[in-house]
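Peer 1: Per my numbering, the very first residue in the sequence shown carries number 2; after that it's consecutive.
Please see the structure below; I have some questions.
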Amino acid sequence: MCHTLAMRVLIVDDEAEPREFLSSVVSSWGHHVEQAGNGEEALLLLDSISVDVILCDLMMPRLDGFEMLHQLRQRQDVPPAILMTAFGSLDKALKTIHELGGFWFLEKPIDVKALELLLRRAAEQSRLGQENQELRRQLSFSGLLGDLIGQTPPMQEVFALIRQVAPTTAAVLITGESGTGKELVARALHSNSRRGGKPFVAINCSAIPESLIESELFGHERGAFTGAVDRRIGAIQAAEGGTLFLDELGEMPIPMQVKLLRVLEDFRFRPLGGKQEYQADVRIVAATNRDPISAIKDGKLREDLFYRLNVFQIQLPPLRDRKEDIPRIVEAMVVNMNRKHGTTVKAWSPAFMDYLLKASWDGNVRELRNVVERAVIIAGEGTLESHHLAPVFRGVPDTRATFPEQSVSTLGVHIGMTIEDGERLLIEATLSHAGNNKSRAAVILGISTKTLHAKLKQYRLTMEETADEESASGAFPTR
Ligand SMILES: Nc1ncnc2c1ncn2[C@@H]1O[C@H](COP(=O)(O)OP(=O)(O)OP(=O)(O)O)[C@@H](O)[C@H]1O
Ligand SMILES: [Mg+2]
Numbered sequence: 002m003c004h005t006l007a008m009r010v011l012i013v014d015d016e017a018e019p020r021e022f023l024s025s026v027v028s029s030w031g032h033h034v035e036q037a038g039n040g041e042e043a044l045l046l047l048d049s050i051s052v053d054v055i056l057c058d059l060m061m062p063r064l065d066g067f068e069m070l071h072q073l074r075q076r077q078d079v080p081p082a083i084l085m086t087a088f089g090s091l092d093k094a095l096k097t098i099h100e101l102g103g104f105w106f107l108e109k110p111i112d113v114k115a116l117e118l119l120l121r122r123a124a125e126q127s128r129l130g131q132e133n134q135e136l137r138r139q140l141s142f143s144g145l146l147g148d149l150i151g152q153t154p155p156m157q158e159v160f161a162l163i164r165q166v167a168p169t170t171a172a173v174l175i176t177g178e179s180g181t182g183k184e185l186v187a188r189a190l191h192s193n194s195r196r197g198g199k200p201f202v203a204i205n206c207s208a209i210p211e212s213l214i215e216s217e218l219f220g221h222e223r224g225a226f227t228g229a230v231d232r233r234i235g236a237i238q239a240a241e242g243g244t245l246f247l248d249e250l251g252e253m254p255i256p257m258q259v260k261l262l263r264v265l266e267d268f269r270f271r272p273l274g275g276k277q278e279y280q281a282d283v284r285i286v287a288a289t290n291r292d293p294i295s296a297i298k299d300g301k302l303r304e305d306l307f308y309r310l311n312v313f314q315i316q317l318p319p320l321r322d323r324k325e326d327i328p329r330i331v332e333a334m335v336v337n338m339n340r341k342h343g344t345t346v347k348a349w350s351p352a353f354m355d356y357l358l359k360a361s362w363d364g365n366v367r368e369l370r371n372v373v374e375r376a377v378i379i380a381g382e383g384t385l386e387s388h389h390l391a392p393v394f395r396g397v398p399d400t401r402a403t404f405p406e407q408s409v410s411t412l413g414v415h416i417g418m419t420i421e422d423g424e425r426l427l428i429e430a431t432l433s434h435a436g437n438n439k440s441r442a443a444v445i446l447g448i449s450t451k452t453l454h455a456k457l458k459q460y461r462l463t464m465e466e467t468a469d470e471e472s473a474s475g476a477f478p479t480r
């Protein structure tokens, strides 16, 4: 008869006679057998050896089978277990199977044929489990970390750093050009830490009006300021036990940076208008697409805050420095886009990929995503061809380039931006050109003043902030 691979089987039974009998039967099938007289003994043994299958009596003095498996589960993955039940203990066996999952049971006295069959199945499950683990290990080393894809050496370095830093509570500063995946890294840091089950709260420091940023961060009591009709929990409190992601840190107003630094000293904070101080348990991860050193020089980033947050810096390489990652990223994107748009794209032509590999990707992975999304929508099914790419992408002259004076590129509009971002940029520039005169700006933009007002409200832009942002930079919130 053909036996399955030899396994290491642990037989746990308080009665020596049936235990010895089973041992000899199981070893005669070519398996290696270990024995334990009760749950405690078994746990001790499992501290030093690992087994493929546990054959376990349910009713035992000291530590019964249920408790033993329960305790084992807290420490490690439980190997497949076959429970041996005496007459009348079926309820308990079912409860064990139900609560601890993935087990079989055999009624005593043991039918040897049935046991042999079960052992074979258990071997199969154990082998599958190991393969799964191996697969997971390979995947994590071969270019996947959470939603991040990257097999090239610079990305592998990033992955290694994430794995190293994630389990600690050290603050992390993520830098890199726009669209390089800073938010994905922040999320990977969170989910690879013990805080993974707790909240991940992201605040975009550039999207919040300066007057509100303090209450966003610290919360406020009712009536703390005009408009504070209700008590509000701030981001620090919302992230309790988890991770607080400060996105676009370089856009945070300087006075706020001072306050943030103070919180980072001892993690104590007080909501606006509140008397009580709270102790926060949050892990801070910050990101900026500015070069921090020049941001410090330009007075946009406080040096002390930088040093406080820069315990670890993870610098994301631009996509142009890791183009070999493009095919794998595109593959994942096509799968996502098919799901999102109900399309059935299955492949791409060599010419299509050629264009992608040659592009300079100033907007990095975000730009790539937008290009792929457009191509998938246009193609709808089958193969992505180069004509599914926008003309400008294929080097076909862009009519926009013929605009005189303020050309689109001087506004910083580029592929990879959303329509909303581009629109906001145009509105801001036009407003500034019109000396902040809204009705004039509306005429130039070809929309009604009412529409312009609505859009400004939508972007939560006031005239003052427009002026502020003007002098700040071309970086805008991405959501
Ligand atoms: N390595 C990667 N693998 C797969 N997808 C990625 C990768 N990096 C980025 N992306 C995707 O690209 C897009 C932009 O990523 P993300 O928002 O994290 O960039 P960012 O660096 O935070 O940009 P910004 O500075 O503009 O906020 C997202 O859709 C993200 O899913
Ligand atoms: Mg971002």
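Virtual Cβ for every residue (Gly too), placed ideally from N, Cα, C.
Can you tell me whether E184 sits near ligand 2, meaning its C-beta is under 7 Å from at least one heavy atom of the ligand?
Peer 2: The residue labelled residue 184 in the question sits at position 183 within the sequence shown. Yes, ligand 2 has a heavy atom inside 7 Å of this Cβ.
Peer 1: On the criterion of 16 or more Cβ atoms from any shown chain inside 10 Å, does H454 qualify as buried, or is it exposed?
Peer 2: Here residue 454 refers to the residue found at position 453 of the sequence shown. Classification of H454: exposed, given that the 10 Å Cβ count is below 16.
Peer 1: If you reduce the DSSP assignment to three classes, tell me which class Y308 lands in.
Peer 2: Taking the first residue of the sequence shown as 1, we reach residue 308 at position 307. Note: Y308 maps to helix in three-state DSSP.
Peer 1: Please report the residue range of the beta strand (DSSP E) in which M85 lies.
Peer 2: In the sequence shown, the residue the question calls residue 85 occupies position 84. A82 to T86 is the extent of the beta strand (DSSP E) around M85.
Peer 1: Given L23, which residues of its chain have a CB within under 6 Å of its CB, disregarding the five upstream and five downstream residues?
Peer 2: Along the sequence shown, one-based indexing puts residue 23 at 22. In the same chain as L23, and ignoring 5 residues on each side of it, the C-beta atoms closer than 6 Å to its own belong to I12, in chain order.
Peer 1: With respect to the alpha helix (DSSP H) encompassing K458, which residues constitute its N-terminal and C-terminal limits?
Peer 2: Against the sequence shown, residue 458 aligns to sequence position 457. T450 to Q459 is the span of the alpha helix (DSSP H), which, as asked, contains K458.
Peer 1: Got a sec, what are the start and stop residues for the alpha helix (DSSP H) G383 sits in?
Peer 2: Counting from 1 along the sequence shown, the entry for residue 383 is found at position 382. Note, G383: premise wrong, no alpha helix (DSSP H); beta strand (DSSP E) at E382 to L385.
Peer 1: Closest by CA to Q258, which one among K276, Q238 and L302?
Peer 2: As a first step, residue 258 is located in the sequence shown; it is residue number 257 there, counting from the start. Out of K276, Q238 and L302, L302 has the C-alpha closest to the C-alpha of Q258.
Peer 1: Of the choices I285, G413, N205 and G31, whose alpha-carbon is the least far from that of E241?
Peer 2: Locating residue 241 in the sequence shown gives position 240, where the first residue counts as 1. Comparing Cα positions, the closest option is I285.
Peer 1: Roughly how many angstroms separate the alpha carbons of D267 and R309, rounded to a whole number?
Peer 2: Position 266 of the sequence shown holds residue 267. Position 308 of the sequence shown holds residue 309. Their backbone Cα atoms lie some 12 Å apart in a straight line.
Peer 1: Tell me whether A189 counts as near ligand 2, meaning its Cβ is closer than 7 Å to at least one heavy atom of that ligand.
Peer 2: Here residue 189 is taken as the residue at index 188 of the sequence shown, counted from 1. It does not: the Cβ of A189 is nowhere closer than 7 Å to a heavy atom of ligand 2.
Peer 1: Can you tell me whether A288 sits near ligand 2, meaning its C-beta is under 7 Å from at least one heavy atom of the ligand?
Peer 2: What you label residue 288 is simply residue 287 of the sequence shown in a count that begins at 1. Yes.
Peer 1: Taking the alpha-carbon positions, what's the S216 to E382 distance?
Peer 2: The count along the sequence shown starts at 1 and reaches residue 216 at position 215. The count along the sequence shown starts at 1 and reaches residue 382 at position 381. Cα to Cα, the separation comes out at about 48 Å.
Peer 1: For the candidate residues L262, Q280 and K276, whose alpha-carbon lies nearest to that of R269?
Peer 2: By 1-based counting over the sequence shown, the position of residue 269 is 268. Of L262, Q280 and K276, the residue nearest in Cα terms is Q280.
Peer 1: Measuring CB atoms only, is the segment 183-194 touching the segment 330-343, in the sense that at least three cross pairs come out at less than 8 Å?
Peer 2: no
Peer 1: Apart from the five residues on each side of it in sequence, which residues of its chain come closer than 6 Å, Cβ to Cβ, to E325?
Peer 2: Sequence index remark: in the sequence shown, residue 325 carries index 324 (1-based). Within the same chain, E325 has close Cβ partners T153.
Peer 1: In the structure shown, what three-state DSSP assignment does I204 receive?
Peer 2: Translated into positions along the sequence shown, residue 204 becomes position 203. Looking at I204 - three-state DSSP - the assignment turns out to be strand.
Peer 1: Run through DSSP, which three-state label would D355 get?
Peer 2: Along the sequence shown, read from residue 1 onward, the residue named residue 355 stands at position 354. It is helical.
Peer 1: Can you give me the C-alpha to C-alpha distance between G228 and E304, rounded to a whole angstrom?
Peer 2: Within the sequence shown, the letter at position 227 stands for residue 228. Within the sequence shown, the letter at position 303 stands for residue 304. About 34 Å.
Peer 1: Let me make sure I understand the geometry here. Which of A43, K276 and L390 has the alpha-carbon closest to that of D355?
Peer 2: Here residue 355 refers to the residue found at position 354 of the sequence shown. Comparing C-alpha distances from D355 to each of A43, K276 and L390 shows the shortest one belongs to L390.
Peer 1: Note down, in chain order, each residue of its chain lying with its Cβ closer than 6 Å to the Cβ of P405, except the 5 sequence neighbours on either side.
Peer 2: The count along the sequence shown starts at 1 and reaches residue 405 at position 404. Bear in mind that the predicted position of P405 carries a pLDDT of just 35, short of 50, making it too unreliable to give a figure here.
Peer 1: May I ask you to report which of helix, strand or coil DSSP gives F504?
Peer 2: Any question about residue 504 goes unanswered here, given that the chain covers just 2 to 480.
Peer 1: Assign E325 to one of three DSSP states: helix, strand, or coil.
Peer 2: As a first step, residue 325 is located in the sequence shown; it is residue number 324 there, counting from the start. DSSP places E325 in helix when its eight states are reduced to three.
Peer 1: Jot down the residue ranges of each uninterrupted alpha helix (DSSP H) in the segment 237-298, minimum 4 residues, whole runs only, in chain order.
Peer 2: 255-267 and 293-298
Peer 1: Grouping DSSP H, G and I as helix and E and B as strand, with all else coil, what is V393?
Peer 2: Here residue 393 is taken as the residue at index 392 of the sequence shown, counted from 1. DSSP places V393 in helix when its eight states are reduced to three.
Peer 1: Give me, in chain order, the residues of the same chain whose beta-carbon lies closer than 6 Å to that of E21; leave out the 5 immediate sequence neighbours on both sides.
Peer 2: Along the sequence shown, read from residue 1 onward, the residue named residue 21 stands at position 20. None.
Peer 1: What does the Cβ neighbour count give for D148, buried or exposed, with the cut at 16 atoms within 10 Å?
Peer 2: Residue mapping note: residue 148 aligns to position 147 of the sequence shown, counting from 1. Exposed: under 16 other Cβ atoms inside 10 Å.
Peer 1: Here's the rule: buried if 16 or more other CB atoms are within 10 angstroms of the residue's CB, otherwise exposed. What is F67?
Peer 2: Translated into positions along the sequence shown, residue 67 becomes position 66. With 16 or more other Cβ atoms within 10 Å, it is buried.
Peer 1: Checking 8 Å against the spacing of the C-beta atoms, do K451 and I428 come in under that value?
Peer 2: Taking the first residue of the sequence shown as 1, we reach residue 451 at position 450. Taking the first residue of the sequence shown as 1, we reach residue 428 at position 427. No, Cβ-Cβ distance for K451 and I428 is not below 8 Å.
Peer 1: Check Q36 in the structure and name its three-state DSSP category.
Peer 2: Your numbering for residue 36 matches position 35 in the sequence shown. Three-state DSSP puts Q36 in a strand.
Peer 1: In the DSSP assignment, what residue or residues form a beta bridge with F313?
Peer 2: Position 312 of the sequence shown, counting from 1, holds the residue named residue 313. Bridge partners of F313: V173.
Peer 1: Is it true that the segment 287-303 meets the segment 232-251, where meeting means three or more beta-carbon pairs spaced less than 8 Å apart?
Peer 2: The count of Cβ pairs closer than 8 Å, one atom from the segment 287-303 and one from the segment 232-251, reaches three, so the stretches are in contact.
Peer 1: Would you say P168 and R195 are within 8 Å of each other, going by their C-beta atoms?
Peer 2: For this step, residue 168 is matched to residue 167 along the sequence shown. For this step, residue 195 is matched to residue 194 along the sequence shown. A contact, by the Cβ cut-off of 8 Å.
Peer 1: In angstroms, rounded to a whole number, what distance separates the CA positions of M338 and I445?
Peer 2: By one-based count along the sequence shown, residue 338 stands at place 337. By one-based count along the sequence shown, residue 445 stands at place 444. The straight-line gap from Cα to Cα measures roughly 36 Å.
Peer 1: Find the nearest neighbour of E178 within the set A172, P318, R63 and F307, judged by alpha-carbon distance.
Peer 2: In the sequence shown, the residue the question calls residue 178 occupies position 177. Ranking A172, P318, R63 and F307 by Cα distance to E178 puts P318 first.
Peer 1: Find out if the Cβ-Cβ distance for the pair I214, P254 is shorter than 8 Å.
Peer 2: Position 213 of the sequence shown holds residue 214. Position 253 of the sequence shown holds residue 254. Cβ atoms of I214 and P254: closer than 8 Å.
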